[in-house]
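Residue 386 is where the sequence shown starts when you use the numbering used here, and the numbers rise one by one after that.
Using N, Cα and C, we set each Cβ at its ideal position, and we do this for glycine too.
Structure first, commentary second.
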Amino acid sequence: MIVAVGIGLALAILLIVGRLLLRRSLREKYAVMWIAIALVVLVLGLFPQLLLGLTDVLGVQVPANLLFALAIVLLLGVALHLSWELSQAEEEIRRVAEETAILRADLDAIRSRLAASPERDGAGDDGPDHANT
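Structure, rendered in structure tokens:
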């Protein structure tokens, strides 16, 4: 029964990730991680003896403990990656806000210079003098 649930879960993750990619709701770099997770779950669901072999090789007594340990490591990795991404996004937002403030100050200075300069509506300016040529 648990094997069928694992296979079903893996296939569901693959379908959901595929749909999100097609709708452009999920970026490719995150989809790769979810596809890898789904494939690992699918392989372990299809070949549960692999998990037993891993527990023997790593010296873990209960296969469920290995699964939980791997899940914790995976979640820590995801949290670290998302924290890094958030830090990068915050830095980009700060940089764009600073550039916008500088551009706004430049625009205000240009507007104030234009408002202070005499209007060029053609009064007193007849253009080039062509009579002397």
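{"Query": "Which of the three DSSP states is assigned to residue 472 in this structure?", "Result": "helix"}
{"Query": "Below 8 Å, can you find three or more Cβ-Cβ pairs linking the segment 420-429 to the segment 391-400?", "Result": "yes"}
{"Query": "Whose C-alpha, out of 494, 402, 440 and 388, is nearest the C-alpha of residue 455?", "Result": "440"}
{"Query": "Please classify residue 430: is it buried, with 16 or more other beta-carbons within 10 angstroms of its beta-carbon, or exposed?", "Result": "buried"}
{"Query": "Tell me the rounded alpha-carbon separation between residue 414 and residue 387.", "Result": "30 Å"}
{"Query": "Between residue 406 and residue 421, how many whole angstroms is the CB-CB distance? I'm expecting something under 8 Å.", "Result": "Rounded, the Cβ-Cβ distance is 14 Å, inconsistent with contact."}
{"Query": "Return the Cβ separation of residue 459 and residue 436 in integer angstroms, given the expectation that the two are a contact with Cβ distance under 8 Å.", "Result": "The Cβ separation is near 15 Å, so there is no contact."}
{"Query": "Taking 8 Å as the cut-off, decide whether the C-beta atoms of residue 411 and residue 402 are in contact.", "Result": "yes"}
{"Query": "In terms of residue numbering, what span does the alpha helix (DSSP H) encompassing residue 418 cover?", "Result": "413-431"}
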